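Scroll down for the structure; my scribbles are underneath it.
Residue numbers (our numbering): 34 to 172.
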């Protein structure tokens, strides 16, 4: 089971596995966060902001959030390095094919590891994916 805001893409969210035919009780809390923009916090006022990935959220009709943007940025990194995209993550960036053969998958796994281990993810946040000042989460 996965609960998310339908206006968000929901990349990287964790789902709960439920056993069929059983009764399960789950408590969910919806929290809203509002922060002051820079220089008071590290969040970005998005009313005047523009970047390739941020603008893509508007084009495809989804509400921006940093976690989804970082997932898109990782997909872009894989496409740039391997010439194919991770088939597990929706691809809104290009018309490349998914990474299916062993060479492409090896490149994809290596790129994914480099994205999280190196400073690539931090560079992505700085260039394309700022922290939004208004957000919502389910806990």
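No residue lacks a Cβ here, since even glycine has one placed at the ideal position from N, Cα and C. Bear in mind the structure is a predicted one, so any value in this text is a computation, not a measurement.
Open item on the list: Could you check whether the segment 122-139 touches the segment 64-79, counting it as contact only if at least three pairs of C-beta atoms, one from each stretch, sit closer than 8 Å?
Closed with: They do not touch, by the three-pair rule.
TODO: Tell me whether residue 104 is buried or exposed, calling it buried when 16 or more other Cβ atoms sit within 10 Å of its Cβ.
DONE: By the 10 Å Cβ count, residue 104 comes out buried.
TODO: State buried or exposed for residue 117, treating a residue as buried only when at least 16 other CB atoms are found within 10 Å of its CB.
DONE: Buried is the call here.
- [ ] Note down, in chain order, each residue of its chain lying with its Cβ closer than 6 Å to the Cβ of residue 107, except the 5 sequence neighbours on either side.
- [x] The answer, listed in chain order, is 148.
Open item on the list: If you follow the beta strand (DSSP E) that residue 67 is in, where does it begin and where does it stop?
Closed with: First-last of the beta strand (DSSP E) with residue 67: 63-67.
Task: Counted within 10 angstroms of its Cβ, other Cβ atoms place residue 50 as buried (16 or more) or exposed - done: Counting of Cβ neighbours within 10 angstroms places residue 50 among the exposed residues, the total staying below 16.
Task: Nearest neighbour of residue 128, chosen from 58, 113 and 75 [CA to CA] - done: It is 113 whose Cα lies nearest to the Cα of residue 128.
Task: Own chain partners of residue 120 with C-beta closer than 8 Å, once the 5 adjacent residues on each side are dropped - done: Taken in chain order, the residues that qualify are 131, 132 and 133.
Open item on the list: Taking the alpha-carbon of residue 158 as reference, which of 76, 168 and 96 has the nearest alpha-carbon?
Closed with: Ranked by Cα distance from residue 158, the options 76, 168 and 96 are led by 76.
- [ ] Using only alpha-carbon positions, find the residue among 86, 145, 54 and 72 that is nearest to residue 166.
- [x] Among 86, 145, 54 and 72, the Cα nearest to that of residue 166 belongs to 72.
TODO: Would you decide whether residue 56 is buried or exposed? Buried here means 16 or more other CB atoms lie within 10 Å of its CB.
DONE: Classification for residue 56: exposed.
Task: Sequence-distant residues of its chain with Cβ nearer than 8 Å to residue 153 (five each side left out) - done: Only 110 and 147 meet the Cβ criterion.
Task: Reference residue 164; option with closest CA among 122, 125 and 99 - done: Cα-wise, what sits closest to residue 164 is 99.
Task: Span of the beta strand (DSSP E), counted from its first residue to its last, around residue 169 - done: Run containing residue 169: 167-171, per the beta strand (DSSP E) assignment.
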